[in-house]
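Below is one structure, written out as structure tokens; comments come after it.
In the numbering used here, the protein residues as written are 152 to 374.
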């Protein structure tokens, strides 16, 4: 009998390389604009990284960043907390979304004073979007009549189509089509939303560092 010993090279038994993972929390729209561009380019350039996206409000930011539940969050510039690290990303105009038949829809741009007298629809109970509320108050020159609905952002814009009022959002929301809804810019020099990236100072993941390098390299500004 011919007894032979077959050996397998150690390299053939090597475990596959563990994939990197980066969890990104977003408090803005991915319909269109700088963040959509940046995420798309990062995924195309870093296919070895599993990029996980989570919707977050300010309550979620406060809970998830310190415990590294998310590696990086993109939110309005004053939504951060003391001790977090941050870097500015981009700014976009604050837009008014309303039903096509709304009286203000006849205007090419909406006067701030008119919006202070109009119901402004907000998603949730108001606790998770304080930074957006501050931006709206600053743009309008005073607090409007905020009305809160326990719905998702897309359903909130659908409510405007049904005549419930006006809602305000950044220009990145213009990438989606909402039947019966039109968008108008505001007549206000303060009607801008500025976004930053936030992360915990102890988070040193290589995937996080490379994402920040991509953002700082200007990719977030190529809308």
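Note that the Cβ used here is the ideal one computed from N, Cα and C, for glycine as well.
Scanning 252, 206, 218 for the CA closest to the CA of residue 330 turns up 252. Given a length threshold of 4 residues, each whole run of the alpha helix (DSSP H) inside the region 302-345 is given here in chain order: 304-312.
For the options 237, 201, 215, the alpha carbon positioned closest to that of residue 352 is the one of 237.
The DSSP assignment places 223-227, 236-250, 270-274 as complete runs of the beta strand (DSSP E) inside the region 212-282, in order along the chain (cut-off: 3 residues). When the Cα atoms are used, residue 334 and residue 283 turn out to be separated by approximately 18 Å.
Here the C-alpha atom of residue 298 lies approximately 30 Å from the C-alpha atom of residue 233.
Rounded to whole angstroms, the gap between the alpha carbons of residue 365 and residue 294 is 37 Å. With respect to the 8 Å criterion, residue 274 and residue 332 are not classified as neighbours on the basis of their beta carbons. Looking only at 288, 279, 358, the smallest Cα-Cα distance to residue 304 is reached by 279.
The three-state secondary structure of residue 171, taken from DSSP, is strand. The three-state reading of DSSP puts residue 293 in coil, since its state is none of H, G, I, E or B. Under the three-state reduction of DSSP, residue 353 is assigned to coil, being neither helix nor strand. For residue 176, the secondary structure class from DSSP, reduced to helix, strand or coil, is strand. Taking residue 302 as the centre and dropping the five residues before and after it, the same chain places the C-beta of 274, 310 closer than 8 Å to its C-beta, in chain order. Annotated as distal: residue 323 and residue 291, with beta-carbon spacing of 8 Å or more. According to DSSP, residue pairing for residue 205 in a beta bridge involves 176.
For residue 298, the secondary structure class from DSSP, reduced to helix, strand or coil, is strand.
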